[in-house]
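> Take this structure first; my questions come after.
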Amino acid sequence: MTIDWNNLGFEYIKTPYRFLAKWTDGAWNKGELTEDNTLHISESSPALHYGQQCFEGLKAYGRKDGGINLFRVDENSKRMNRSAQRLRMPQVPQEMFIQAVKDVVKANREFVPPYGTGATLYVRPLLIGVGDTIGVHPADEFIFTVFCMPVGPYFKGGLTPTNFIVSDYDRAAPNGTGAAKVGGNYAASLLPGEEAHEKNFSDCIYLDPETHTKIEEVGSANFFGITKDNEFITPKSPSILPSITKYSLLHLAEHTLGLKAIEGDVYLNDLDKFVEAGACGTAAVISPIGGIQTHDDFHVFYSETEVGPVTKALYEELVGIQYGDRPAPEGWIFDVK
Ligand code: PLP
Ligand code: COI
Numbered sequence: 000m001t002i003d004w005n006n007l008g009f010e011y012i013k014t015p016y017r018f019l020a021k022w023t024d025g026a027w028n029k030g031e032l033t034e035d036n037t038l039h040i041s042e043s044s045p046a047l048h049y050g051q052q053c054f055e056g057l058k059a060y061g062r063k064d065g066g067i068n069l070f071r072v073d074e075n076s077k078r079m080n081r082s083a084q085r086l087r088m089p090q091v092p093q094e095m096f097i098q099a100v101k102d103v104v105k106a107n108r109e110f111v112p113p114y115g116t117g118a119t120l121y122v123r124p125l126l127i128g129v130g131d132t133i134g135v136h137p138a139d140e141f142i143f144t145v146f147c148m149p150v151g152p153y154f155k156g157g158l159t160p161t162n163f164i165v166s167d168y169d170r171a172a173p174n175g176t177g178a179a180k181v182g183g184n185y186a187a188s189l190l191p192g193e194e195a196h197e198k199n200f201s202d203c204i205y206l207d208p209e210t211h212t213k214i215e216e217v218g219s220a221n222f223f224g225i226t227k228d229n230e231f232i233t234p235k236s237p238s239i240l241p242s243i244t245k246y247s248l249l250h251l252a253e254h255t256l257g258l259k260a261i262e263g264d265v266y267l268n269d270l271d272k273f274v275e276a277g278a279c280g281t282a283a284v285i286s287p288i289g290g291i292q293t294h295d296d297f298h299v300f301y302s303e304t305e306v307g308p309v310t311k312a313l314y315e316e317l318v319g320i321q322y323g324d325r326p327a328p329e330g331w332i333f334d335v336k
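Numbering (numbering that gives the first Met the number 0) for the sequence shown: 0 to 336.
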């Protein structure tokens with residue numbers, strides 16, 4: 000297969016190897032790499048009926064020296080275990096998680112996009128409840144699998160701003176599963192996402208499900224804004240996904256760019272205070288937000304066509320660290336040897 004590294008979108012590509020381990024009788028087996036990209040599971044698997052599943056997303060970056068970096072994979076492991084606990088699934092030991100990711104990246108080394116193409120190898124760990132269970136209670140068998148594919152930008156345009164629309168739907172409930180990376184949240188976002196695309200927006204912005212007055216997040220990324228007073232502000236809410244990219248940006252905004260980094264409320268009627276805004280996440284990286292369509296207004300931040308200076312500086316710092324071009328805070332980079 001020849002791949003046009005510079006023109007990849009965010010789509011499934013079957014790579015040769017994936018890792019698969021099984022939980023039966025209360026324990027994980029050793030797991031192994033396999034070439035089979037299909038799963039053979041019971042028709043009554045709780046993952047299929049009751050959404051007992053969770054997943055992760057991270058990337059492998061081809062360095063200038065030919066090596067490969069992973070970014071904060073330990074945080075993905077911790078988050079998967081928090082999601083697993085919320086949905087009554089077994090913990091995946093961190094050692095097994097990280098080793099599986101490294102093994103899958105190494106086995107598919109030829110699919111790691113070369114440095115300079117702007118593409119990355121997207122890695123998708125997945126944990127599902129399987130077996131013959133038809134009542135609404137946790138599965139007694141589970142599968143943990145990790146697969147990967149080369150990807151380009153998630154939102155078309157990369158660092159070119161795109162527009163978003165505020166949704167009337169909620170993706171999560173106040174005390175629901177919004178903070179867990181579970182399929183049900185994404186199923187709930189399909190219709191709102193499609194409606195946003197039909198109106199030519201990149202995606203929708205969800206509001207807090209309790210009062211519908213504050214920005215929560217985008218369907219597949221967290222939100223941040225930069226104020227005229229050099230503050231980096233990102234929503235704090237128990238019903239959004241705790242984005243690893245967001246926490247990395249909070250750190251870099253404060254320690255590298257000298258901004259005031261704040262996790263707090265972002266009221267919809269207070270958007271004027273932001274001079275720049277963006278969506279951040281593993282797939283989204285940093286996608287500048289040109290404007291947001293609310294019920295009665297189209298609010299433009301920096302520009303609909305150009306990325307703002309602070310968003311650009313954050314992007315360069317984050318991506319520079321991920322590719323190994325800039326020094327990383329202790330423990331952020333894992334070398335895939
Ligand atoms: N919010 C949602 C709903 C997501 O799906 C993602 C993607 O993982 C994010 C935020 C960003 O999280 P992270 O930076 O850990 O990839
Ligand atoms: C990610 O950024 O890894 C995501 O999971 C977002 C989306 C593709 C679901």
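Cβ coordinates follow ideal geometry from the N, Cα and C atoms, glycine included. None of the values given here were measured: they were computed from a predicted structure.
1) Kindly indicate which three-state DSSP category T310 falls into: helix, strand or coil?
2) Buried or exposed for K155, going by 16 or more other Cβ atoms inside 10 Å?
3) Buried or exposed, going by whether 16 or more other CB atoms sit within 10 Å of the CB of T350?
4) Does ligand 2 have even one heavy atom less than 8 Å from the beta-carbon of A59?
5) Specify, as a first and last residue, the run of the beta strand (DSSP E) that R325 falls within.
6) Consider the C-beta atom of S219 and the heavy atoms of ligand 2; say whether any pair is separated by less than 8 Å.
7) Starting from G257, trace the beta strand (DSSP E) in both directions and tell me its first and last residue.
8) Comparing C-alpha positions only, which one of F18, L126, L249, H298 sits nearest to G263?
9) Taking all protein chains shown into account, do 16 or more other C-beta atoms lie within 10 angstroms of the C-beta of K63, making it buried, or fewer, making it exposed?
10) Output needed for A118: all residues of its chain with C-beta closer than 7 Å, excluding positions within five of it in sequence on either side, in chain order.
11) Applying the 10 Å Cβ sphere with the 16-neighbour rule, what's the burial state of T281?
12) According to DSSP, is M88 part of a helix, a strand, or is it coil?
13) What did DSSP end up calling N107 once you bin it into helix, strand or coil?
14) Which one or two residues does DSSP pair with I291 in a beta bridge?
15) Assuming L240 contacts A138 under a Cβ cut-off of 8 Å, what Cβ separation, rounded to an integer in Å, is found between them?
16) Rank K101, E10, F9, P92 by C-alpha distance to the C-alpha of A26 and give the top, closest one.
17) Given a cut-off of 9 Å, decide if T244 and L317 are closer than it, judged by their beta-carbon atoms.
18) For I133, is the classification buried or exposed, using 16 other Cβ atoms within 10 angstroms of its Cβ as the cut-off for buried?
19) Return yes when the Cβ of A186 is within less than 9 Å of the Cβ of D169, no when it is not.
20) Note down the Cα distance separating L190 from D202, rounded to an integer number of angstroms.
21) For the pair the segment 93-103 and the segment 62-79, tell me if three or more CB-CB distances fall below 8 Å.
22) Beta-carbon separation of G218 and G277 under 9 Å?
23) Does the beta carbon of Y153 fall short of 8 Å from some heavy atom of ligand 2?
24) Evaluate G65 with the Cβ neighbour count: other Cβ atoms within 10 Å of its Cβ, from every protein chain shown; 16 or more gives buried, anything less gives exposed.
25) Which residues bound the beta strand (DSSP E) around Y60?
26) Can you tell me whether M79 is helix, strand or coil according to DSSP?
27) Looking only at DSSP bridge pairs, what is N5 linked to?
The structure says:
1) helix
2) exposed
3) Outside the shown range of the chain, which is 0 to 336, sits residue 350, and nothing can be said about it.
4) no
5) Run containing R325: none; DSSP gives neither H nor E here.
6) yes
7) Premise fails: G257 is in no beta strand (DSSP E) and is neither H nor E.
8) L249
9) exposed
10) W4, L7, P112, P149, V150, G151
11) buried
12) coil
13) coil
14) F163, H298
15) With a Cβ gap of about 23 Å, L240 and A138 do not count as contacting.
16) P92
17) yes
18) exposed
19) no
20) 11 Å
21) yes
22) no
23) yes
24) exposed
25) 57-61
26) helix
27) Answer is none; N5 lacks a bridge partner.
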